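Shown next, in structure tokens, is the structure this report addresses.
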Amino acid sequence: MAENLNRPDSLSTGVGFWRTPEGELFCEDVALADVARRYGTPVYVYSRAAVAERVRAYEAAFGDAPHQVCYAVKAASTRGILELVASLGAGFDCVSGGEILRALEAGGDPKKIVYSGVGKGEADIAFALEAGIRCFNIESPAELDRIHDVALALGRTAHVSVRVNPNIDAHVDAHVATGLGDSKFGVKLTEVIPLYEKAAKLPNIHIEGISCHIGSLVESVAPYLQMVEVLAKFVNELQKRGITLSHIDLGGGAGVAYHPEEKALEPSVLIPALVEAVRREVHIPDIEIFVEPGRSIIAQAAVLLTTVQYLKSGLFERQFCIVDASMTELIRPAIYGSYHAIEPVRPNPKAKRQILNVVGPVCESTDFLGNDRDLAVEAGDLLAVRTAGAYGMSMASTYNSRPLPMEVMVDGGRVLPLRRPQTVLDLSAGEARLGFASPAVDPAHADRLFEEALGFSQRRRVAD
Ligand SMILES: *Cc1c(COP(=O)(O)O)cnc(C)c1O
């Protein structure tokens, strides 16, 4: 296994995935083709070793500096993944009461949970207070008032930090920038000190720290250093005014390599630079440093497996490769134009090499996984969409009445299912029947036919 982890890979995005000399793609000790045969496609396959390696890389990069790694739950929030992250000692950055619940259900320590987000609802706040989370990252003056109201009513104390909007350009795509002055996130610079002074007077508020998150897919250390500079000024100014902070939260956002020509911002590069900058600029020795990485923990740790359904030619010589995964499993290409490498799980020597647009079955023109890909595939072949762990399953939808995809975690030679497979029967089960139409087919009979069809297709797959 350790040997497998170091095998050269067609896309060196970290540990967990490798190819045999014949070119067959494996996750740890398991052939991905076997996962597809057993669970069908589309299926997300996560490598336990790959997730663990990333969490440990963050932890190790801090050295002896006091710190807390809070994995950003929204990147991938399935219970098994959160359990794994919690078992490695990390905490969680949550953006809803639901994410806090998930973190707790997975064994997360409330004392390691921070809660960000611009629209915290009353029930979410009440739940977070009763659960005893570490810190609310406050995103507006009105939110401080609401948190205080709820804390007062419940007889609790809310531990808070102010999330600053530093008005910094992180040089990332507009869709994922959060630190520019015109973004909805964080408290604007002029309101930061007055907000702390107000918070200091509120009986059910305890001031803990200061926080910031400048966006996602940040490629270099420079914007983080600018952010530390902005936050350090506030920490030092507050110190002078008698408000001593115990932590500084520098958010998430480290980029990963989706394309062989992109470079990841490695924790071993980012974290020592942050520790050094905080020690230099913040006048509180041993202030605890929090980070909230999401993507850089989970992106490289998973592939999305999909089966080629049909090849078809369009106008102007355009060739389409229609697969059984779509924007409902992985929406990043559709909404951000994101690139994901797409590779055959096994080479197919019989297939003709051609330039293909890899598209899904969903009835939307934006439903594609990758355009202009040089591939040699035929119907029935398996493809792996790489670097699919972050903002993949957590953004999946059931549009077009497509059930959510299956997810499994590979641990050495074991394949651990992360959920019960969903079918369309699960989707319609909770819906009301109004009885307006007199049924042409008995609904229960339709359900039975559907179930039988699923069984038919599964038997054919396993017999292959
Ligand atoms: C989304 C988010 C993160 C994680 O961002 P990544 O780019 O996935 O590392 C961290 N903190 C906050 C507040 C977020 O909203």
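To convert, note that position 427 of the sequence shown is 428 in my numbering; the numbers rise steadily by one, no gaps.
Quick reminder that beta carbons are idealized off the backbone N, C-alpha and C, glycines included.
Quick caveat: nothing in here was measured; it's all calculated off a predicted structure.
Query, Result
"Of all the options I272, F18 and E344, which has the alpha carbon lying nearest to the alpha carbon of C322?", "E344"
"Restricting to Cα atoms, I'd like to know which of I126, S88 and P406 is closest to E100.", "I126"
"Could you check which residue in M394, M396, G390 and I356 has the C-alpha nearest to that of E379?", "I356"
"Quick check on DSSP: helix, strand or coil for L419?", "coil"
"Take E262 as the anchor and find which of S297, V222, H341 and N237 has the nearest alpha-carbon.", "H341"
"Taking only beta-carbon atoms, is Y400 less than 9 Å away from chain D?", "The structure shown contains no chain D, having only a single protein chain."
"By a C-beta neighbour count over all protein chains shown, 10 Å radius and 16 as the cutoff for buried, is A265 buried or exposed?", "buried"
"Measuring straight from C-alpha to C-alpha, what distance separates V70 and T308?", "37 Å"
"Using a Cβ-based criterion (distance less than 8 Å to any ligand heavy atom), does K75 qualify as near ligand 1?", "yes"
"Per DSSP, which residues does I211 bridge with? Please list them.", "V163 and I249"
"I need the DSSP call for G456, collapsed to helix, strand or coil.", "helix"
"For ligand 1, I want to know if A104 counts as a neighbour, meaning its beta carbon is within less than 8 Å of at least one of the ligand's heavy atoms.", "no"
"So which of V119, A87, V86 and L83 has the shortest CA-CA distance to V96?", "V119"
"Between which two residues does the beta strand (DSSP E) harbouring N372 extend?", "F369 to A377"
"By how many angstroms is the C-alpha of T158 removed from the C-alpha of V16?", "43 Å"
"With respect to the beta strand (DSSP E) encompassing V359, which residues constitute its N-terminal and C-terminal limits?", "R354 to V360"
"Considering H149, what are the terminal residues of the alpha helix (DSSP H) in which it resides?", "P142 to L155"
"I need the straight-line Cα distance from A445 to G361, nearest angstrom please.", "30 Å"
"Does DSSP classify S11 as helix, strand or coil?", "Because S11 sits at a pLDDT of 48, beneath the cut-off of 50, its placement in the model cannot be relied upon, and the point is left open."
"Between V409 and V416, which are expected to be in contact by the criterion C-beta below 8 Å, what is the C-beta distance as a whole number of angstroms?", "5 Å"
"Should the stretch 245-259 be called in touch with the stretch 291-303, which here means at least 3 C-beta pairs below 8 Å?", "yes"
"By Cβ distance, which residues of its chain are closer than 6 Å to A129, with the 5 residues on each side in sequence left out?", "I101 and Y116"
"Distance, Cα to Cα, Q459 vs G41?", "8 Å"
"If contact is defined by three or more beta carbon pairs under 8 Å, each pair taking one atom from either stretch, is the stretch 372-387 in contact with the stretch 304-318?", "yes"
"In this structure, how does DSSP classify T307 when only helix, strand and coil are distinguished?", "strand"
"Identify whether F63 lies in helix, strand or coil by the three-state DSSP scheme.", "coil"
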